[in-house]
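Just so you know, the numbering used here puts the end of the sequence shown at 160, numbered straight through with nothing missing. Ideal placement from N, C-alpha and C gives every residue a C-beta, glycine not left out. Please read these numbers as outputs of a predicted model, since none were measured by experiment. Structure first, then comments.
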Amino acid sequence: MFEKDWEKVKLDQINQIKKSRSRERNKLDNILLTLSAGTLSLSATFVGKFARNLIDKEFLFASWSFLILGLFGILLAYIFAELHFKYYESGVKNDLFKSVDEAESNWRNKLVDIFNLFSFVAIVIGISIFVYFAYLNIK
22 MFEKDWEKVK LDQINQIKKS RSRERNKLDN ILLTLSAGTL SLSATFVGKF
72 ARNLIDKEFL FASWSFLILG LFGILLAYIF AELHFKYYES GVKNDLFKSV
122 DEAESNWRNK LVDIFNLFSF VAIVIGISIF VYFAYLNIK
């Protein structure tokens, strides 16, 4: 009896951790999405204002490319997160998992982390290139 209660408490704690992790991933995705879209908007405004006198436009195009890659990474992370949650739900309903580690260690979950990291790096590079581009064109 005590072991079943302990397993239920453990499972409840694990579910709370999963919910918390999911919220944190969503916050990260929202922050990255806002940064990327904001930088794209700012760069479009910058180009509109200084369109005649731009130098080194290849930096602007590189910046846009990295920002758009970051947006695609966020989209792919979202898609794989949804696939992981569906996989996890069906596994829990059908009692397919022998352990929590088995439920967590599937390729969909790992891809979400990889795409989030990829998005973060791409957006940071895109913002950095745009700042450099703006510096070259303002001075």
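- Shown here, D50 sits in a helix according to DSSP, grouped into three states.
- In this structure the stretch 133-141 does not lie against the stretch 74-87, because fewer than three pairs of beta carbons, one per stretch, are closer than 8 Å.
- Nearest to L56 by alpha-carbon distance, out of I148, K39 and A98, is I148.
- Taking every protein chain shown into account, the CB of S62 has fewer than 16 other CB atoms within 10 angstroms, so this residue is exposed.
- Rounded to the nearest whole angstrom, the C-alpha separation of L92 and L54 is 7 Å.
- Sequence-distant partners of A98 (beyond 5 residues in either direction) whose C-beta falls short of 7 Å from its own C-beta, in its chain, are D50, V133, F136, N137 and S140.
- In this structure, DSSP gives D77 a state outside helix and strand, which the three-state scheme calls coil.
- Sorting V152, N47, L157 and I159 by C-alpha distance to the C-alpha of S84 places V152 at the top.
- CA-CA distance, R129 to N158, rounds to 43 Å.
- Sequence-distant Cβ neighbours of F101 in its own chain, meaning closer than 7 Å and more than five residues away, are R129, L132, V133 and F136.
- Cβ neighbours of F106 within its own chain (closer than 7 Å, five residues either side excluded): none.
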